[in-house]
Amino acid sequence: MTEPKNTRLSPAKDIATNPPTRNSGHDIKFEIQNLKTKHNAIIFAHNYQPDDIQEIADFVGDSLELSQYAARTTHEVIVFCGVHFMAETAFILSPHKTVLLPDPHAGCLMADMINAQTLRSKKKELPGIPVVCYVNSSAEVKAESDICCTSANAIKVVESLTEREIIFVPDKYLGQWVASQTGKKLHLWPGFCPTHARILPKHILNLKNTYPDAVVIAHPECRPEVHEISDAVLSTGGMIRYAKDPKVHQMIVVTEAGIIHRLQQENPGKEFIPVFPEAICPNMKRTTLEKVLWCLQDMKPAVTVPEEIRLRAKSAVERMLQVV
Ligand code: 13P
Ligand code: SF4
Numbered sequence: 009m010t011e012p013k014n015t016r017l018s019p020a021k022d023i024a025t026n027p028p029t030r031n032s033g034h035d036i037k038f039e040i041q042n043l044k045t046k047h048n049a050i051i052f053a054h055n056y057q058p059d060d061i062q063e064i065a066d067f068v069g070d071s072l073e074l075s076q077y078a079a080r081t082t083h084e085v086i087v088f089c090g091v092h093f094m095a096e097t098a099f100i101l102s103p104h105k106t107v108l109l110p111d112p113h114a115g116c117l118m119a120d121m122i123n124a125q126t127l128r129s130k131k132k133e134l135p136g137i138p139v140v141c142y143v144n145s146s147a148e149v150k151a152e153s154d155i156c157c158t159s160a161n162a163i164k165v166v167e168s169l170t171e172r173e174i175i176f177v178p179d180k181y182l183g184q185w186v187a188s189q190t191g192k193k194l195h196l197w198p199g200f201c202p203t204h205a206r207i208l209p210k211h212i213l214n215l216k217n218t219y220p221d222a223v224v225i226a227h228p229e230c231r232p233e234v235h236e237i238s239d240a241v242l243s244t245g246g247m248i249r250y251a252k253d254p255k256v257h258q259m260i261v262v263t264e265a266g267i268i269h270r271l272q273q274e275n276p277g278k279e280f281i282p283v284f285p286e287a288i289c290p291n292m293k294r295t296t297l298e299k300v301l302w303c304l305q306d307m308k309p310a311v312t313v314p315e316e317i318r319l320r321a322k323s324a325v326e327r328m329l330q331v332v
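So, in structure tokens, the structure goes:
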């Protein structure tokens with residue numbers, strides 16, 4: 009098994025070689041670094057995490073990249089700076105590791121829009137139709153599903169199924185996007201991400217007046233009318249890769265504003281315009297340096313999943329990882 013390679017500068021290394029001299033945020037980072045070494049821990053952060061959290065992380069990525077890292081890492085402890093379903097997915101794949109979520113209340117509002125019982129009723133209404141479940145969902149919902157997907161691979165996952173009709177949960181906007189790209193009939197769940205649903209075409213059109221040459225890149229969780237006026241619809245990891253294209257100089261970034269930090273760090277000289285500053289996921293912003301420190305001191309809160317549910321959820325997640 010190989011560890012994923014982080015191509016970014018390693019702030020953790022800077023801290024180890026430049027110990028702090030006064031009581032500051034730098035002290036906290038130094039302490040985190042020591043505890044990481046002591047517990048053989050690794051820090052993962054989602055692309056929407058606060059800037060200082062991204063800077064202490066060993067790997068920053070989208071949901072797919074982070075689940076791939078979680079499946080491969082040899083570290084005993086994973087500190088998951090993201091939201092609950094992401095930490096849960098890491099545990100589903102690596103049950104012998106301790107998976108810490110620095111703030112136990114960092115949930116996902118979309119994931120809370122479906123549960124196992126309501127999904128079971130839908131499956132009874134539509135017998136024999138396979139269920140594709142967006143990873144933004146609980147382990148119980150994954151356990152009721154045939155295969156998972158993320159925003160990076162949803163089209164490939166749906167295309168990998170021979171059936172023409174699919175139950176797609178819980179994100180109706182991602183589902184509409186996938187249906188439009190695959191031509192398949194998707195039975196959609198009425199779930200959505202409140203952060204992305206707030207973004208309207210008028211926000212983009214206003215910015216286009218000021219930045220007429222900027223490319224518009226939207227997340228698939230946005231509304232279809234937003235997809236229609238965008239140049240590309242991509243996962244957060246897809247946005248990071250797209251921005252590296254030498255032809256891209258200015259980008260209107262139609263997703264949660266936390267991604268701007270990484271775009272800017274990795275592409276100095278290019279301009280990244282957030283679609284609007286209120287495009288913030290409050291749960292992603294619950295992580296702080298202090299909470300990362302405390303969870304490493306106390307080895308909690310740890311995320312776990314009952315074994316019977318984990319095994320069924322694992323088969324849906326692993327089936328997805330075989331497609332990509
Ligand atoms: P990505 O997998 O594209 O990073 O998206 C995760 C997410 O929760 C977006 O709201
Ligand atoms: Fe969930 Fe939306 Fe936050 Fe992503 S941005 S974690 S979908 S609430």
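Each residue of the sequence shown is one higher than the last, beginning at 9 in the numbering used here.
Just so it is clear, CB atoms sit at the ideal spot from N, CA and C, and this is done for glycine as well.
All of these numbers come straight from a predicted model, not from anything done at the bench.
Any idea what DSSP makes of residue i, helix, strand or coil?
i: Leu-134; result: coil
i: Asp-22; result: Residue confidence for Asp-22 is low, a pLDDT of 41 falling below 50, so the modelled location carries little weight; the figure read from the coordinates is stated next. Asp-22 falls in the helix class under three-state DSSP.
i: His-195; result: strand
i: Val-332; result: coil
i: Cys-7; result: Here the chain covers residues 9 to 332 and nothing more, so residue 7 does not appear.
i: Thr-81; result: coil
i: Val-234; result: helix
i: Glu-173; result: strand
i: Val-311; result: coil
i: Gly-115; result: coil
i: Cys-303; result: helix
i: Ile-317; result: helix
i: Glu-96; result: helix
i: Thr-296; result: coil
i: Ala-287; result: coil
i: Thr-123; result: Reading the sequence as shown, one finds Asn at residue 123 and not Thr. Asn-123 falls in the coil class under three-state DSSP.
i: Glu-229; result: coil
i: Gly-33; result: helix
i: Lys-44; result: helix
i: Ala-324; result: helix
i: Ser-102; result: coil
What are the boundary residues of the beta strand (DSSP E) that residue i is part of?
i: Ala-53; result: 49-54
i: Gly-69; result: 67-69
i: Gln-1; result: Residue 1 is absent from the structure shown; the chain starts at 9 and stops at 332.
i: Leu-108; result: 106-108
i: Ile-225; result: 223-226
Given this structure, state the Cα-to-Cα distance separating residue i from residue j, to the nearest angstrom.
i: Glu-84; j: Ala-321; result: 22 Å
i: Gly-115; j: Ser-145; result: 10 Å
i: Arg-88; j: His-204; result: Residue identity differs from the one stated: residue 88 is Phe in this sequence, not Arg. Whole-angstrom Cα-Cα distance: 22 Å.
i: Ile-40; j: Asp-66; result: 12 Å
i: Glu-148; j: Cys-141; result: 11 Å
i: Ile-335; j: Tyr-250; result: No statement about residue 335 is possible, as the shown extent of the chain runs from 9 to 332 and does not include it.
i: Pro-314; j: Leu-74; result: 22 Å
i: Leu-304; j: Gln-62; result: 17 Å
i: Leu-117; j: Leu-271; result: 25 Å
i: Arg-206; j: Lys-46; result: 43 Å
i: Tyr-56; j: Val-165; result: 24 Å
i: Gly-266; j: Pro-58; result: 6 Å
i: Val-325; j: Asn-217; result: 42 Å
i: Lys-192; j: Phe-93; result: 27 Å
i: Pro-103; j: Pro-112; result: 18 Å
i: Arg-30; j: Phe-38; result: Low per-residue confidence applies at Arg-30: pLDDT is 45, beneath 50, and the placement is therefore not dependable, though the value from the model is reported in the following sentence. About 11 Å.
i: Lys-293; j: Gln-125; result: 30 Å
i: Ile-237; j: Ile-260; result: 12 Å
i: Gln-273; j: Glu-286; result: 21 Å
i: Leu-101; j: Glu-298; result: 27 Å
i: Pro-276; j: His-257; result: 10 Å
i: Pro-220; j: Thr-81; result: 43 Å
i: Ile-212; j: Val-262; result: 8 Å
Residues bridged to residue i by DSSP?
i: Phe-88; result: Phe-52
i: Pro-282; result: Val-261
i: Asp-179; result: Gly-199
i: Ala-205; result: Answer by DSSP bridge pairing: none, since Ala-205 is not bridged.
Determine the extent of the alpha helix (DSSP H) in which residue i is found, giving its start and end residues.
i: Val-140; result: Element bounds for Val-140: not the alpha helix (DSSP H) but the beta strand (DSSP E), 139-142.
i: Glu-167; result: 162-168
i: Ile-61; result: 59-64
i: Ala-251; result: 244-251
i: Ile-267; result: 267-274
i: Ala-151; result: 147-151
i: Asp-239; result: First-last for Asp-239: undefined, no H or E at that position.
Given residue i, which residues of its chain have a CB within under 6 Å of its CB, disregarding the five upstream and five downstream residues?
i: Arg-327; result: Ile-155
i: Pro-232; result: Gln-184
i: Gly-90; result: His-54
i: Glu-173; result: Ile-137 and Lys-193
i: Leu-208; result: none
i: Thr-158; result: Ser-71, Leu-72 and Val-143
i: Ser-153; result: Val-139, Cys-141 and Ala-324
i: Ala-187; result: Leu-194
Using a Cβ-Cβ cut-off of 7 Å (strictly less than) and excluding sequence neighbours within five positions of residue i, which residues of its own chain qualify?
i: Thr-106; result: Glu-84, Val-85, Met-307 and Ala-310
i: Gln-189; result: Ile-163
i: Gly-246; result: Ala-160
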